[in-house]
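Counting along the sequence shown from 1, when you hit position 33 you're at 128 in our numbering, and nothing is skipped either side. Read the structure below first, then the notes.
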Amino acid sequence: MTYPPIRHVLRDLGIELTHGPHVAHRVTIPTPPETRAAHGGVRIGVLASAADVVAARLAMRSLEPDWLATSDLSIWTRDTRCRGPIVGEARVLRTGRTTTVVEVEISEQGGEKRAIALAALSFVRIKRPDLADAIESEPEQTTVSFATETSGLTRPFRETVGIETIDANHGVVRLAQSEYTINSFGSLQGGMVAALGEFGAETAATAMTGQAQAAIDIAVRYLAKGPTGPYETHVQPLRVANKGCLLRVVVQDAGSGQEMAVITAATIPVSSDLTLMGFSD
């Protein structure tokens with residue numbers, strides 16, 4: 096088995112990776128309407144999926160021959176409304192005996208470079224799993240596209256991955272376990288954990304304020320793998336205001352009861368003027 100499988104969210108997102116000794120580790124993804132939130136910006140879950148993939152590839156180089164697991168991921172956004180593809184460039188901030196920290200600067204591609212988000216991820220060293228042996232080795236400098244002739248989003252991101260609302264007032268949204276959203280360990284892919292938290296936070300904030308909300312910042316602390324699924328969110332409001340909300344989201348494996356991640360997410364009303372709020376230059 097190779098990763099990702101032929102039918103997988105990372106392939107439908109059209110992720111393309113470039114890395115090598117003389118170029119930055121870079122990820123490029125298209126931003127069709129299916130990847131956008133209600134305010135027109137690229138979804139946090141899409142950004143998180145791209146950042147997780149490129150940062151992990153870079154971190155692997157400092158941890159070889161061992162493997163790694165994402166321990167935390169944070170994304171802070173500016174104005175993520177863009178006209179075309181986006182590119183994320185990764186750099187190592189710190190490498191220690193057990194941990195590597197990577198930063199990914201995400202910008203709009205084409206014309207004048209415009210930063211739209213910043214991601215920071217930490218990875219911990221673990222024993223290399225047997226499944227990792229199936230991932231093909233690559234030359235020192237290469238460009239790899241996950242897209243295939245039949246891949247691509249044809250429906251909104253949430254519908255494509257299959258996230259459904261169970262209890263809007265408490266931000267309970269659910270995602271079934273499937274090969275489409277797994278990582279190389281057979282659990283929920285790191286970006287999809289962030290996406291689940293994003294939708295849980297938006298659902299709860301919308302119900303609490305009576306205004307449609309979009310997530311703009313997110314911080315994920317990964318706790319454990321989810322062995323069985325389905326995966327659910329449970330939301331606790333930390334701050335609720337007209338200009339936005341701050342929420343604590345727990346992502347849980349509903350089948351085993353295992354808490355998989357604790358997330359802090361900030362939202363704003365989709366009707367907000369992003370320029371007046373300082374999101375644009």
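Glycine included, every Cβ here is placed at the ideal spot set by N, Cα and C. Remember, predicted model here, so these are calculated numbers, not experimental data.
Asked                                                                                                                                                  : Found
CA-CA distance, Gly377 and Val344?                                                                                                                     : Residue 377 lies beyond the stretch modelled for the chain, which goes from 96 to 376, so this question has no answer here.
Do you know how far the Cα of Ala356 is from the Cα of Leu188?                                                                                         : 23 Å
Give the C-beta separation of Val104 and Val330 to the nearest angstrom, bearing in mind that I take them to be a contact with Cβ-Cβ under 8 Å.        : Not a contact, Cβ separation roughly 23 Å.
Could you tell me the distance, in whole angstroms, from the CA atom of His128 to the CA atom of Cys177?                                               : Looking at the sequence provided, one finds Pro at residue 128 rather than His. Answer to the nearest angstrom: the Cα atoms are 11 Å apart.
Hey, Gly321 and Gln353 are a contact pair by Cβ (cut 8 Å); roughly how many whole angstroms apart?                                                     : 6 Å
Around the Cβ of Arg106, are there at least 16 other Cβ atoms within 10 angstroms (buried) or fewer (exposed)?                                         : buried
Out of Ile313, Val141 and Thr238, which one is the CA nearest neighbour of Arg253?                                                                     : Val141
Note the first and the last residue of the continuous beta strand (DSSP E) segment covering Phe252.                                                    : Here Phe252 belongs to no beta strand (DSSP E); instead the alpha helix (DSSP H) covers Phe252 to Val256.
Round the Cβ separation of Glu297 and Gln306 to the nearest angstrom and send it over; I've been treating them as touching at under 8 Å.               : Contact flag wrong, Cβ pair sits at about 11 Å.
Is it right to say Val239 is buried, meaning 16 or more other beta carbons lie within 10 angstroms of its own, or is it exposed?                       : exposed
Go through the stretch 290-325 residue by residue and report every complete run of the beta strand (DSSP E) that reaches 3 residues or more, in order. : 308-317
Got a sec, what are the start and stop residues for the beta strand (DSSP E) Val137 sits in?                                                           : Element bounds for Val137: n/a, residue is neither H nor E.
Which of the three DSSP states, helix, strand or coil, is assigned to Arg192?                                                                          : coil
Can you have a look at Asn264 and say buried or exposed, based on whether 16 or more other CB atoms are within 10 angstroms of its CB?                 : exposed
Given a cut-off of 8 Å, decide if Ser157 and Thr195 are closer than it, judged by their beta-carbon atoms.                                             : yes
Where does Arg156 fall in DSSP's three states?                                                                                                         : helix
DSSP beta-bridge partners for His114?                                                                                                                  : Thr237
When the Cα atoms are used, what is the spatial distance from Arg121 to Ile311?                                                                        : 22 Å
Helix, strand or coil, according to DSSP, for Val148 in the structure here?                                                                            : helix
Spatial neighbours of Asp348 within its chain, please: C-beta separation below 7 Å, excluding the five flanking residues on both sides.                : Gly321, Pro322, Thr323, Gly324, Tyr326 and Met355
Hey, could you find the ends of the beta strand (DSSP E) Leu283 is sitting in?                                                                         : Taken as a continuous stretch (DSSP letters only), Leu283 belongs to no beta strand (DSSP E), as it is neither H nor E.
Output the distance between the C-alpha atoms of Pro160 and Arg220, rounded to the nearest integer angstrom.                                           : 10 Å
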